[in-house]
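Enquirer: The structure is given below, and queries will be raised subsequently.
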Amino acid sequence: MKAVLIAWTATQLESLRLVVEAEGYQEALVIQRSPNDTLNLLLSNLNTDILIVECLTATQAQDIATLELFNASNPNVVVLMLSQTRDAETLLAAMQAGVREVLLTQPSASDLTSSLRRFATRKKASPIKAETHGKTIAFMSCKGGSGATFLATNFADILAKDFGKKTAFLDLDLQCGDAAYYVSPGPNQSDITELTRQIDRLDSKLLTASMLHIGPNFDLLSAPEEPEASYTMSAAQLERLLDLVEVNYDMVVLDMDRVLDPLTIKALDMSDVIYLVMENLLPFVRDAKRLVGKFRALGYEDNKIRIVVNRYEKNGTIDIAQIEKAVGLKVSHTIRSSFADVAQAINTGVPITEVNPNNAIVQVLRDMAHGFDGTHPKRVLSWIDRFMGTQS
Ligand SMILES: Nc1ncnc2c1ncn2[C@@H]1O[C@H](COP(=O)(O)OP(=O)(O)OP(=O)(O)O)[C@@H](O)[C@H]1O
Ligand SMILES: [Mg+2]
Numbered sequence: 016m017k018a019v020l021i022a023w024t025a026t027q028l029e030s031l032r033l034v035v036e037a038e039g040y041q042e043a044l045v046i047q048r049s050p051n052d053t054l055n056l057l058l059s060n061l062n063t064d065i066l067i068v069e070c071l072t073a074t075q076a077q078d079i080a081t082l083e084l085f086n087a088s089n090p091n092v093v094v095l096m097l098s099q100t101r102d103a104e105t106l107l108a109a110m111q112a113g114v115r116e117v118l119l120t121q122p123s124a125s126d127l128t129s130s131l132r133r134f135a136t137r138k139k140a141s142p143i144k145a146e147t148h149g150k151t152i153a154f155m156s157c158k159g160g161s162g163a164t165f166l167a168t169n170f171a172d173i174l175a176k177d178f179g180k181k182t183a184f185l186d187l188d189l190q191c192g193d194a195a196y197y198v199s200p201g202p203n204q205s206d207i208t209e210l211t212r213q214i215d216r217l218d219s220k221l222l223t224a225s226m227l228h229i230g231p232n233f234d235l236l237s238a239p240e241e242p243e244a245s246y247t248m249s250a251a252q253l254e255r256l257l258d259l260v261e262v263n264y265d266m267v268v269l270d271m272d273r274v275l276d277p278l279t280i281k282a283l284d285m286s287d288v289i290y291l292v293m294e295n296l297l298p299f300v301r302d303a304k305r306l307v308g309k310f311r312a313l314g315y316e317d318n319k320i321r322i323v324v325n326r327y328e329k330n331g332t333i334d335i336a337q338i339e340k341a342v343g344l345k346v347s348h349t350i351r352s353s354f355a356d357v358a359q360a361i362n363t364g365v366p367i368t369e370v371n372p373n374n375a376i377v378q379v380l381r382d383m384a385h386g387f388d389g390t391h392p393k394r395v396l397s398w399i400d401r402f403m404g405t406q407s
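In structure tokens form, the structure reads like this:
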């Protein structure tokens, strides 16, 4: 494995080199930066597995912008940034640029070693989870109103009803999540932050008692009514909650916020598949491209990311081939607009299967669910089947 180290002083470079080589990286290329070197110049044509860059406060914003571009075109390189500060603003900007971790300048050998080992474990981690763990599927909209919540809630309903999967839905749109209203009269008393606040005593019993039971196989954990409640939640607490949910359910469906903050990144890291929901309009294409670049920078394989074009218009100005070319990924599903049925489902707080089980959207969601199952959905009897006494 190769490493590239860029720092401002020879001593910093030397201490980095010693740790990196002790962790099995060979050919560590050390580059001492001078005020005349832009990071952009130093990063051209690099061939490496890991990049460690020291940034000074004065040029940090520019360096982070450069790292974002670098990450977008080098998705497999793990980037670790050394910064003079680790305030929330720096961490967020770095994470959004796809930097894997930020350490303070002149990190101790043990901190740096721990980071390198975390990367190694993550690279080796099999994308297939233990059999006992549920699969986690995240839905994220490229732009507000793409249809992520509608599709995610109805996907969960179909997994539970048609495929008999014990399904948990977590509303991780913590600032303005309202998923419960899409498939029920509304949330119950508990919300996700009440569970993370009690993480040390959280067990399967408390988890089940806190869920809103939408159907025999379909439980939902809503977002807090007050967005401020989410500020108390840490990524470590969310990880423990998700671990417990995965052990207790066959399938876990997440409705995500679009902002790639540490909580969102934790949930996406733990997801097996991310459905990115967009429309075939230019602003959505731009955002889809940007998000796919960030996902790659976070180290996600392309087969984890699935593009869904919602409200798809066949004769729209942008066709599927153009979307695929711009975004750099195949479109996995297209979903037609169906205003009357969708509006009725949302306005009455019921899944679309209860408004019109034959709606084309239901069929596409069944195809998506089928991809995680391998078995055919339990057949839903039509009135004529029931009349004729056909067995399911
Ligand atoms: N295929 C569709 N046909 C018709 N209407 C749709 C379709 N998909 C979604 N909608 C409508 O679009 C609106 C926005 O959907 P939704 O709330 O699911 O979007 P979102 O991506 O979750 O938005 P936000 O980013 O604000 O969370 C909803 O009112 C829903 O009725
Ligand atoms: Mg939503």
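Quick note on numbering: the sequence shown equals residues 16 to 407 in my numbering.
Using N, Cα and C, we set each Cβ at its ideal position, and we do this for glycine too.
Using a Cβ-Cβ cutoff of less than 7 Å, which residues in the same chain neighbour I399 once the five nearest sequence positions on both sides are dropped?
Expert: If you number the sequence shown from 1, residue 399 lands on position 384. With a pLDDT of only 39 at I399, under 50, the local geometry of the prediction cannot be trusted, and no value is derived from it.
Enquirer: Runs of 4 residues minimum, wholly inside the region 248 to 282: which ones carry the alpha helix (DSSP H) assignment?
Expert: DSSP runs (the alpha helix (DSSP H)) wholly in the region 248 to 282: 250 to 263.
Enquirer: Just the Cα atoms here: how many angstroms apart are L61 and E294?
Expert: Here residue 61 refers to the residue found at position 46 when the sequence shown is read from its first residue. Here residue 294 refers to the residue found at position 279 when the sequence shown is read from its first residue. Roughly 36 Å between the two C-alpha positions.
Enquirer: Under 8 Å: do the region 366 to 379 and the region 331 to 344 share three or more Cβ pairs, one atom per stretch?
Expert: Because the criterion of three Cβ pairs below 8 Å is not met, the region 366 to 379 and the region 331 to 344 do not touch.
Enquirer: By a C-beta neighbour count over all protein chains shown, 10 Å radius and 16 as the cutoff for buried, is K176 buried or exposed?
Expert: As a first step, residue 176 is located in the sequence shown; it is residue number 161 there, counting from the start. Buried: at least 16 other Cβ atoms inside 10 Å.
Enquirer: For Q213 and I350, I'd like the C-alpha separation in whole angstroms.
Expert: One-based indexing of the sequence shown puts residue 213 at position 198. One-based indexing of the sequence shown puts residue 350 at position 335. Straight-line Cα distance between these residues: approximately 40 Å.
Enquirer: Suppose contacts are defined by Cβ-Cβ distances below 8 Å. Is V357 in contact with F154 by that definition?
Expert: Walking along the sequence shown from the start, residue 357 turns up at place 342. Walking along the sequence shown from the start, residue 154 turns up at place 139. Cβ distance not < 8 Å, so V357 and F154 don't count as in contact.
Enquirer: Considering only residues of the same chain and omitting the five flanking positions on each side of A244, which have a CB-CB separation below 6 Å?
Expert: What you label residue 244 is simply residue 229 of the sequence shown in a count that begins at 1. Only T208 meet the Cβ criterion.
Enquirer: Tell me whether D218 is buried or exposed, calling it buried when 16 or more other Cβ atoms sit within 10 Å of its Cβ.
Expert: Against the sequence shown, residue 218 aligns to sequence position 203. The residue is exposed, with fewer than 16 neighbouring Cβ atoms inside 10 Å.
Enquirer: What runs of the alpha helix (DSSP H), each 4 residues or longer, lie entirely inside the region 177 to 237?
Expert: Correct list: 195 to 198, 207 to 212 and 219 to 225.
Enquirer: Mind listing, in chain order, the continuous alpha helix (DSSP H) runs of no fewer than 4 residues lying wholly within the region 52 to 119?
Expert: DSSP runs (the alpha helix (DSSP H)) wholly in the region 52 to 119: 54 to 57, 75 to 88 and 103 to 111.
Enquirer: Which residues bound the beta strand (DSSP E) around S30?
Expert: Translated into positions along the sequence shown, residue 30 becomes position 15. From DSSP, S30 is part of no beta strand (DSSP E) but of the alpha helix (DSSP H) over A25 to A37.
Enquirer: How is T151 classed by DSSP in three states: helix, strand or coil?
Expert: In the sequence shown, counting from the first residue as 1, residue 151 sits at position 136. Three-state result, T151: strand.
Enquirer: Rounded to a whole number of angstroms, what is the C-alpha to C-alpha distance between F85 and Y40?
Expert: For the purposes of this step, residue 85 is taken as residue 70 along the sequence shown, with counting starting at 1. For the purposes of this step, residue 40 is taken as residue 25 along the sequence shown, with counting starting at 1. Whole-angstrom Cα-Cα distance: 21 Å.
Enquirer: Helix, strand or coil for L44, going by three-state DSSP, please let me know.
Expert: Counting from 1 along the sequence shown, the entry for residue 44 is found at position 29. Here L44 sits in strand by DSSP.
Enquirer: According to DSSP, is G308 helix, strand or coil?
Expert: Numbered from its first residue, the sequence shown carries residue 308 at position 293. G308: helix per DSSP, three-state reduction.
Enquirer: Can you say whether E339 is buried or exposed, counting buried as having 16 or more other CB atoms within 10 angstroms of its CB?
Expert: Against the sequence shown, residue 339 aligns to sequence position 324. E339 comes out exposed.
Enquirer: Inspect the CB distances between the region 192 to 204 and the region 371 to 378 and report whether three or more fall short of 8 Å.
Expert: Judged by Cβ distances under 8 Å, the region 192 to 204 makes no contact with the region 371 to 378, as fewer than three pairs qualify.
Enquirer: What do you reckon, are the CB atoms on V35 and T63 nearer than 8 Å?
Expert: By one-based count along the sequence shown, residue 35 stands at place 20. By one-based count along the sequence shown, residue 63 stands at place 48. Cβ atoms of V35 and T63: not closer than 8 Å.
Enquirer: Of the residues L174, V307 and M266, which one's Cα is nearest the Cα of R273?
Expert: Indexing the sequence shown from 1 puts residue 273 at position 258. For the residues L174, V307 and M266, the minimum Cα distance to R273 belongs to V307.
Enquirer: Sort I376, S98, A87 and D78 by Cα distance to G314 and report the nearest one.
Expert: Taking the first residue of the sequence shown as position 1, residue 314 is located at position 299. When each option's Cα is compared against that of G314, the closest is A87.
Enquirer: With which residues is I21 paired in a DSSP beta bridge?
Expert: As a working mapping, residue 21 is identified with position 6 in the sequence shown. I21 pairs with I46 and V68.
Enquirer: Please name the residue or residues paired with L291 in a DSSP beta bridge.
Expert: Looking up residue 291 in the sequence shown gives position 276. L291 pairs with M155 and I322.
Enquirer: Looking at T247 and ligand 1, is the gap between the Cβ and the nearest heavy atom below 7 Å?
Expert: Here residue 247 refers to the residue found at position 232 when the sequence shown is read from its first residue. Flag unset: Cβ of T247 not near ligand 1.
Enquirer: Count the C-beta pairs between the region 242 to 257 and the region 269 to 284 that are closer than 8 Å, then say yes if the count reaches three, no if not.
Expert: Taking 8 Å as the limit for Cβ pairs, the verdict is that the region 269 to 284 does touch the region 242 to 257.
Enquirer: So the alpha helix (DSSP H) V357 belongs to, where does it begin and stop?
Expert: Along the sequence shown, read from residue 1 onward, the residue named residue 357 stands at position 342. Segment F354 to T363, the alpha helix (DSSP H) holding V357.
Enquirer: Return yes when the C-beta of I350 is under 7 Å from any heavy atom of ligand 1, and no when it is not.
Expert: Taking the sequence shown and counting its residues from 1, one reaches residue 350 at position 335. At least one heavy atom of ligand 1 is nearer than 7 Å to the Cβ of I350, so yes.
Enquirer: Considering Cα atoms alone, identify which of K319, V117, P90 and C157 is closest to R301.
Expert: Taking the sequence shown and counting its residues from 1, one reaches residue 301 at position 286. Selected option, being the one with the closest Cα: C157.
Enquirer: Can you name the start and end residues of the alpha helix (DSSP H) that T332 belongs to?
Expert: Translated into the one-based positions of the sequence shown, residue 332 becomes position 317. No alpha helix (DSSP H) contains T332, which DSSP labels as neither H nor E.
Enquirer: Can you check which of these residues, D102, T223, P239 and Y196, is closest to I361 by C-alpha distance?
Expert: For the purposes of this step, residue 361 is taken as residue 346 along the sequence shown, with counting starting at 1. Cα-wise, what sits closest to I361 is Y196.
Enquirer: Using the Cβ count rule (16 or more neighbours within 10 Å means buried), how would you classify D234?
Expert: On the sequence shown, residue 234 is found 219 positions in, with the first residue counted as 1. Classification for D234: buried.
Enquirer: Among all the DSSP beta bridges, which residues are the ones paired with L346?
Expert: Here residue 346 refers to the residue found at position 331 when the sequence shown is read from its first residue. Leu is not the amino acid found at residue 346; the sequence shown has Val there. V346 pairs with I322.
Enquirer: Consider the C-beta atom of T164 and the heavy atoms of ligand 2; say whether any pair is separated by less than 7 Å.
Expert: Working through the sequence shown from its first residue, we reach residue 164 at position 149. Yes, since a heavy atom of ligand 2 falls inside the 7 Å radius drawn around the Cβ of T164.
Enquirer: Would you call R133 buried or exposed, if buried means 16 or more other Cβ atoms sit within 10 Å of its Cβ?
Expert: Position 118 of the sequence shown, counted from the first residue, corresponds to residue 133. So R133 ends up on the exposed side.
Enquirer: Quick check on DSSP: helix, strand or coil for S129?
Expert: Along the sequence shown, read from residue 1 onward, the residue named residue 129 stands at position 114. Three-state DSSP puts S129 in a helix.
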